[in-house]
Amino acid sequence: MTGEPLLAVRDLKVSFRTEDGLVKAVDGVSFTLSPGETLGIVGESGSGKSVTMMSVMRLIVDPNARFEGEVFYKGRDLMKLSREDMREVRGSELAMIFQDPMTSLNPVYRVGWQIAEQIRAHERISRRAAHARAIELLTAVGIPHPAERVDDYPHQFSGGMRQRVMIAMALSCSPDLLIADEPTTALDVTIQAQILNLIKKLKEDFGSAVVLITHDMGVVADIADRVAVMYAGRMVEQGSKQDLFYDPQHPYTWGLLGSIARLDRPKPRRLTAIPGLPPSLLRLPEGCAFGDRCPQRFDACAQVPELTAKAGSDHLDACHLAPGDKRERRERTIHPELTEEPA
Amino acid sequence: MATMLGQAEAAPEPASEQLPEITGRSPWALAARRLWRNRIAMASLVLFLLIVVVCLAAPLYAHDIAHVNPFVNNLNGTTIVNGKKVPLMQQGGGVLHLGETPIGPTWDLRHYFLGADAQGRDVAARLLYGGRSSLGIGIGSAVICCFIATVVALIAGYFGRAVDAVLSRLMDLVWAFPVYLLAISISTVLLTSANGLQVGPLHIAASSLWLPTLIIALIYLPYVYRPVRGHVLAATEKEFVEAAVSQGASDLRVIFSDILPNVVSVVIVLLPLMIATTILTESALSYLSVGVQPPNASWGTIISDGQDLLYTRPWVAIAPGIMIVLVVLSLNVLGDGVRDALDPRARLRVEE
Amino acid sequence: MLTFIVRRGLWTVLVMFAITVLVFVIFFKTPGIDPVRQIAGRNPSPLVLAEIRHQFGLDRPFPVQYALMMKKLFITRDLVSYSNQGTLVIPEIFAAAPATLSLVFGAAIIWVVVAIAMGVGAAVLRGTVLDPLLMILALIGISMPVFWLGQVANLITQSRFHDTFLFSWVPPLGYTSLTQNPVRWFEGLVIPWIVLSVLYIGLYARVLRANLIEVQNEDFIRTARAKGLTERRVLLRHTLRNSMITFVSLFGLDFGVLVGGGALLTEVVFGIHGVGFLTYQSLTNLDLPVIMATVVYGAFFIVLANTLVDITYAWLDPRVRLA
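See the structure below:
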């Protein structure tokens, strides 16, 4: 992956003024994305992964929100675009699908109308032609009888079908970047795989880059080229999928991987859980935000760790531990059964 | 890649709930604190209570300050303006300079502060007495209405099926009936009957303040019943009710100790708004002469009395109207404040 | 949609039946009252009393009494006012209807336009000082008794400031029919329209603002923005469109109530001889047949309006229609 990045986020900070104080939802996040690439952003609820991507789309309209940093898309800083310029980019070059397909479609309009509305917001095209495009798109996302379903209302579709409509809408202007915010979380497990496969297939057909936000390591393993892990508004590790899964550097990532049941390894006696709860964004601990929950904590953790490349050129992590120490300790965290005496 | 089903999801907790100063307080204490902090709502509460106290002091004012009896004609009476004795009814004060006009406001608390009405009665004293009736009927009917509606809603919502169907259809019928027409119908029938309302041993005279109180309480029943029943239904489906039932708790016990606490907040939010509504309704019925009956006065009847004097002595009608606006406005503001304090949706949420 | 209308229509008929029974029970069967004396008005002769007893079948069983009453109200339409020397009641109501309709229609236009402007304005200006200001105005509007506001308006326009250029055009109280003199009709109704609409402006502006803010937080509004629609389109086609569902159903109900006699306070204070005024007159004469007839006709109109509202609601919100 060489050449100009499609998207480059630099030191993005998002904070909300609230009754109880300043909430730093995103605290200095940087990453880049190449054309056609799939980036998985993983983290718990409240880790700032959605806020990051919503800020990239400039979809946060809360008057109490404050933004800092740069978001370069094809060389233009989106944060500095006028509202009208940003509107033109949204939906045509950057598209987004959301977590809950049940509430993400407007209940009072027919789905075809809603797809056509987006096309007509960006292209000079007749109503009839837009309607025909909507039918094509519904075909592409695998909705049966698209010519009839195009005139149905959202409540006449199941959750999985609605998410397909959302995907059709997002792809209606062939965007270069598709942001999928937990697209399968609200769906049945059987439907989840179908939707992921659909995103994978359409990504190839349309050649879009994808940012997939999820809390599910399994989803990331399935679809992403690269993975970024977020914790308490900061990025703690970033690298290729292989690096992340086979050579994870940050103790938080170990925790995430340790809490997954894997069938390709001996059966553990129990899954490891990360102790404690994520910190309040109002009162982050001094130094490393994960420090309070980290079994590996030592003196250096009182300083905020930088996100730097220690294990390889494009494998970044924010942990003070030396790479050698990590390797040894992490096996005990992720696979305690391999190091413990058999019972 | 191997099959992976695990999810790294910790219990999602809004960040604001983890603050040390919030944890450990009951929702009621939280709501009270929020209400206490709402200055506009507290100011409204103070204003409302002030008006209530002043109106309760009506006899005190009439006997000891103004020295009048505001319930008898006083056409030949006199009062003192600027130290001079003047008759209450003045000749030819009107636009056409014909007939008698009562004295206007003297702005002297001891001598017909707001002037006299067409029968020479002290308007200020009547205003306070009228306030007693208006506030009493308003508060009384709202409380009765909320009480009955809540009991019926608890029964309907908890027992469900046929009980619910019958009670809810009855409420639907009252709901479908326009409030003013219903109130007017019942009022006229009862007011024209020779001896008021007679149900078994219970007897309410046509001139009693209980009559408008009960009628107004009745017509607003469905307005309280509907939202409360909805919450009862929601609470009945909760696990803690199932748990209580499986432990062998009696129906009454489940209703009062498990369901009622969950719907009380709805009633509390509705109560100030209902009082505002019932006070407006009382004034309208009294204005139409089917509410409070003489010799009693209410703000509505005083406005009605003042209609004929509107262009000559406007204060007779304007003063009670201002009282109504102040009371209803303060109750509406207070009601908004109570709702904001109790409604969990009003809580600040952090995105994501 | 058709099955929905049929189902709703059947329910309407049922409610209308129930309402007539309820009215009948209130006027004829309230414990402790004598319907004959009530219908007869003040100081009736024994002859009149006997005639009423026979006419209304009061010596016969309950269902017969009810049927006779309904026949008088709807079929023969020969219900007679005894207090008012035998005037036929039903034609009187129909003659009064145009005045009521004129009053309510005009007020409705004012309150819909102003309430939408205020509600949308407050929601859009959230965070500025104008939002609470608009909402306090709205709150004052719903806290004023309409008949009192009417008196204040009369005091200003008919008396205190009538001789100034501001209100010299306001004609004396009363109603001039549209066909008789359109200009006079309009001039005479301007103040009543405004006074009647104040309460509803306050009510609707508050409801609309709350609704808009609720809808603004919906996921599909975020979707609309993500689609790259203009803010204007998001507001009008998505936010407002979804908020209007509540607005329209409220409007239908209130409009029905007002036409069905709910405007009587305004009619009384401005001397507009509509249906409500008729009810008021009969209240002061204790003329029961007129009250009964206006109540039944008024209630019918309201139930009919409710039905239309529900059908409109189904048309506006496809989820209801196909449920």
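Top to bottom, those sequences are chains A, B and C.
Heads up: the first sequence begins at 1 in the working numbering, then just goes up one per residue.
Heads up: the second sequence begins at 1001 in the working numbering, then just goes up one per residue.
Heads up: the third sequence begins at 2001 in the working numbering, then just goes up one per residue.
Even for Gly, the Cβ is constructed at its ideal location relative to N, Cα and C.
Only a predicted model underlies this, so the values are computations on that prediction, with no experimental measurement involved.
Measuring only the C-alpha atoms, how far is Arg329(A) from Gly255(A)? Taking the first residue of the first sequence as 1, we reach residue 329(A) at position 329. Taking the first residue of the first sequence as 1, we reach residue 255(A) at position 255. Approximately 12 Å between the Cα atoms of the pair.
Would Asn1038(B) count as contacting chain C if we go by Cβ distances under 8 Å? Position 38 of the second sequence, counted from the first residue, corresponds to residue 1038(B). Taking Cβ atoms only, chain C never reaches closer than 8 Å to Asn1038(B), which makes this a no.
Residue closest to Val2021(C), alpha-carbon to alpha-carbon, out of Val2048(C), Met2292(C), Ser2081(C): Position 21 of the third sequence holds residue 2021(C). Of the candidates Val2048(C), Met2292(C), Ser2081(C), the one whose C-alpha sits nearest the C-alpha of Val2021(C) is Met2292(C).
Contact list for the region 2143-2159 of chain C against chain B, Cβ threshold 9 Å: So the close ones are Ser2143, Met2144, Pro2145, Val2146, Phe2147, Trp2148, Leu2149, Gln2151, Val2152, Asn2154, Leu2155, Gln2158, Ser2159.
At a CB-CB cut-off below 7 Å, which residues of chain B make contact with Ala2018(C)? Here residue 2018(C) corresponds to residue number 18 of the third sequence, with the count starting at 1. Within 7 Å Cβ-Cβ: Leu1173.
Which term fits Lys1085(B), buried or exposed, when burial requires 16 or more other beta carbons within 10 angstroms of its beta carbon? On the second sequence, position 85 is the one that residue 1085(B) refers to. Exposed.
Taking just the CA atoms, how far does Ile1137(B) sit from Phe2024(C)? The residue labelled residue 2024(C) in the question sits at position 24 within the third sequence. The residue labelled residue 1137(B) in the question sits at position 137 within the second sequence. Rounded to whole angstroms, Phe2024(C) to Ile1137(B) spans 27 Å at the Cα level.
What is the C-beta distance between Ala1217(B) and Ile1144(B), in whole angstroms, given that I count them as a contact (C-beta under 8 Å)? Within the second sequence, numbered from 1, the residue matching residue 1217(B) stands at position 217. Within the second sequence, numbered from 1, the residue matching residue 1144(B) stands at position 144. With 8 Å as the limit, Ala1217(B) and Ile1144(B) qualify as a contact, their Cβ atoms being about 4 Å apart.
Compare the Cα-Cα distances from Leu1326(B) to each of Asp1340(B), Ile1275(B), Leu1342(B) and report the closest residue. The residue given as residue 1326(B) occupies position 326 in the second sequence. With distances taken between Cα atoms, Leu1326(B) lies closest to Ile1275(B).
My assumption, with CB atoms under 8 Å, is that Val1962(C) sits in contact with Ser2282(C). Please give the rounded CB distance. Here chain C covers residues 2001 to 2323 and nothing more, so residue 1962(C) does not appear.
Just to confirm, are Val89(A) and Val51(A) a CB contact at a threshold of 8 Å? Here residue 89(A) refers to the residue found at position 89 when the first sequence is read from its first residue. Here residue 51(A) refers to the residue found at position 51 when the first sequence is read from its first residue. No.
What's the gap between the Cα of Ser174(A) and the Cα of Glu93(A)? Translated into the one-based positions of the first sequence, residue 174(A) becomes position 174. Translated into the one-based positions of the first sequence, residue 93(A) becomes position 93. The C-alpha of Glu93(A) is placed about 7 Å away from the C-alpha of Ser174(A).
Using a C-beta cutoff of 8 Å, does Tyr1225(B) count as contacting chain C? Taking the first residue of the second sequence as 1, we reach residue 1225(B) at position 225. False, the Cβ-Cβ gap to chain C never drops below 8 Å.
Residues in the same chain with beta-carbon distance under 7 Å from Val2309(C), minus the five sequence neighbours each way, listed in chain order, please. Working through the third sequence from its first residue, we reach residue 2309(C) at position 309. Residues Ser2249, Gly2252, Leu2253 of the same chain have their beta carbon placed closer than 7 Å to that of Val2309(C), with the five preceding and five following residues left out of the count.
Buried or exposed: Lys1238(B), going by 16 or more other Cβ atoms within 10 Å of its Cβ? Numbered from its first residue, the second sequence carries residue 1238(B) at position 238. It counts as exposed.
Where His1203(B) falls: helix, strand or coil (DSSP): For this step, residue 1203(B) is matched to residue 203 along the second sequence. His1203(B): strand per DSSP, three-state reduction.
Along the chain, where does the alpha helix (DSSP H) containing Gln344(A) start, and where does it finish? With chain A represented from 1 up to 343, any question about residue 344(A) goes unanswered, as that position is not in the structure.
Apply the 10 Å Cβ neighbour rule to Thr2179(C) and answer buried if 16 or more other Cβ atoms are within range, or exposed otherwise. Here the question's residue 2179(C) lines up with position 179 in the third sequence. Classification of Thr2179(C): exposed, given that the 10 Å Cβ count is below 16.
Same chain only: Cβ atoms within 6 Å of Gln192(A), ignoring 5 sequence neighbours per side: Here residue 192(A) refers to the residue found at position 192 when the first sequence is read from its first residue. Counting only Cβ-Cβ distances below 6 Å, and skipping sequence neighbours, we find Thr184.
Can you list the residues of chain B that Ile2191(C) reaches, using a CB-CB cut of under 7 Å? Here residue 2191(C) corresponds to residue number 191 of the third sequence, with the count starting at 1. Neighbours of Ile2191(C) on chain B: none; closest Cβ ~14 Å, over 7 Å.
Could you tell me whether any Cβ in chain C is nearer than 8 Å to the Cβ of Phe98(A)? For the purposes of this step, residue 98(A) is taken as the residue at position 98 of the first sequence. Yes, Phe98(A) counts as interfacial toward chain C.
Quick one: using the 10 Å Cβ neighbour count with 16 as the cut-off for buried, is Pro63(A) buried or exposed? For the purposes of this step, residue 63(A) is taken as residue 63 along the first sequence, with counting starting at 1. Counting every other CB atom within 10 Å of its CB across the protein chains shown gives Pro63(A) a total below 16, marking it as exposed.
Taking only beta-carbon atoms, is Arg90(A) less than 8 Å away from chain C? Here residue 90(A) refers to the residue found at position 90 when the first sequence is read from its first residue. So, interface residue.
Do we get a CB-CB distance below 8 Å when we pair Glu348(A) with the residues of chain C? Outside the displayed range of chain A (1 to 343) lies residue 348(A), so it cannot be described from this structure.
DSSP beta-bridge partners for Glu70(A)? Here residue 70(A) corresponds to residue number 70 of the first sequence, with the count starting at 1. Glu70(A) is bridged to Arg10(A).
Check this for me: beta carbons of Ala2095(C) and Tyr2200(C), under 8 Å apart or not? For the purposes of this step, residue 2095(C) is taken as residue 95 along the third sequence, with counting starting at 1. For the purposes of this step, residue 2200(C) is taken as residue 200 along the third sequence, with counting starting at 1. In this structure, Tyr2200(C) does not lie closer than 8 Å to Ala2095(C) by Cβ.
Taking Phe72(A) as the reference, give the member of Ala65(A), Glu44(A), Ser30(A) with the closest Cα. Along the first sequence, one-based indexing puts residue 72(A) at 72. The residue among Ala65(A), Glu44(A), Ser30(A) with its C-alpha nearest the C-alpha of Phe72(A) is Ser30(A).
Could you tell me if Arg327(A) is buried or exposed, where buried requires 16 or more neighbouring beta carbons within 10 angstroms of its beta carbon? Looking up residue 327(A) in the first sequence gives position 327. In this structure Arg327(A) is exposed. Its beta-carbon is surrounded by fewer than 16 other beta-carbon atoms within 10 angstroms.
Terminal residues of the continuous alpha helix (DSSP H) containing Ala1032(B)? Here residue 1032(B) refers to the residue found at position 32 when the second sequence is read from its first residue. DSSP places Ala1032(B) in the uninterrupted alpha helix (DSSP H) bounded by 1027-1037.
With which residues is Phe31(A) paired in a DSSP beta bridge? In the first sequence, the residue the question calls residue 31(A) occupies position 31. For Phe31(A), which the question treats as bridged, DSSP gives the partners Val9(A).
Note down, in chain order, all residues in the region 2227-2251 of chain C with a beta-carbon under 9 Å from any beta-carbon belonging to chain A. Correct list: Lys2227, Gly2228, Leu2229, Thr2230, Glu2231, Arg2233, Arg2237, His2238, Arg2241, Asn2242, Ile2245.
Which residue wins for smallest C-alpha separation from Val2048(C), given the options Ala2210(C), Gly2086(C), Val2183(C), Val2064(C)? Here residue 2048(C) refers to the residue found at position 48 when the third sequence is read from its first residue. Shortest Cα-Cα distance from Val2048(C) to any of Ala2210(C), Gly2086(C), Val2183(C), Val2064(C) involves Gly2086(C).
Against Asp2131(C), what residues of chain A qualify as contacts under a CB-to-CB distance less than 7 Å, listed in chain order? One-based indexing of the third sequence puts residue 2131(C) at position 131. Per Cβ cutoff of 7 Å: no residues; Asp2131(C) is ~12 Å from chain A at best.
Given a cut-off of 8 Å, decide if Thr2030(C) and Leu1135(B) are closer than it, judged by their beta-carbon atoms. Translated into positions along the second sequence, residue 1135(B) becomes position 135. Translated into positions along the third sequence, residue 2030(C) becomes position 30. No, these two residues do not count as a Cβ contact at 8 Å.
Lys2029(C) lies in the beta strand (DSSP E); which residues open and close that run? In the third sequence, counting from the first residue as 1, residue 2029(C) sits at position 29. In the DSSP assignment, Lys2029(C) falls outside any beta strand (DSSP E) and within the unbroken alpha helix (DSSP H) covering 2002-2029.
Based on Cα-Cα distance, which residue from Pro305(A), Val229(A), Pro101(A), Glu4(A) lies nearest to His155(A)? As a position in the first sequence, residue 155(A) is number 155, starting the count at 1. His155(A) has its Cα closest to that of Pro101(A), out of Pro305(A), Val229(A), Pro101(A), Glu4(A).
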